[in-house]
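A.B. asks:
Numbering (my numbering), first residue to last: 50 to 134.
#1: Which residues in the same chain as residue 132 place their Cβ atom closer than 7 Å to its Cβ, once the five residues preceding and following it in sequence are excluded?
#2: For residue 110, which of 93, 118, 122 and 129 has the nearest alpha-carbon?
#3: Candidates 97, 104 and 103: which alpha carbon is nearest residue 120's?
#4: Rounded to whole angstroms, what's the CA-CA distance from residue 125 to residue 116? Just pull it up for me.
#5: Mind reading off the beta-carbon distance from residue 86 to residue 123? Whole number of angstroms is fine, and I expect it under 8 Å.
This is the structure in structure tokens:
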């Protein structure tokens, strides 16, 4: 399983934690646990960049510098899935 906790200003570092099931997904068998652990943070960075900071909206064109990196690639995927052409 791989996942993240809901954003909380007091942090979420703990040995054990409970989270809603919507924040958890099965880890793909073809990736390592280390790589799987990075995905939620890269996805959160992509989402924050697009919608919190840039305010991306449907119908806009978005230029993503570094689209080949993990955060840039997730920006492209997230924007495309959120606002399909």
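Just so it is clear, CB atoms sit at the ideal spot from N, CA and C, and this is done for glycine as well.
All figures in this text were calculated on a predicted structure; none of them were measured in a lab.
C.D. replies: The answer reads as follows:
#1: 107
#2: 129
#3: 97
#4: 7 Å
#5: With 8 Å as the limit, residue 86 and residue 123 do not qualify as a contact, their Cβ atoms being about 15 Å apart.
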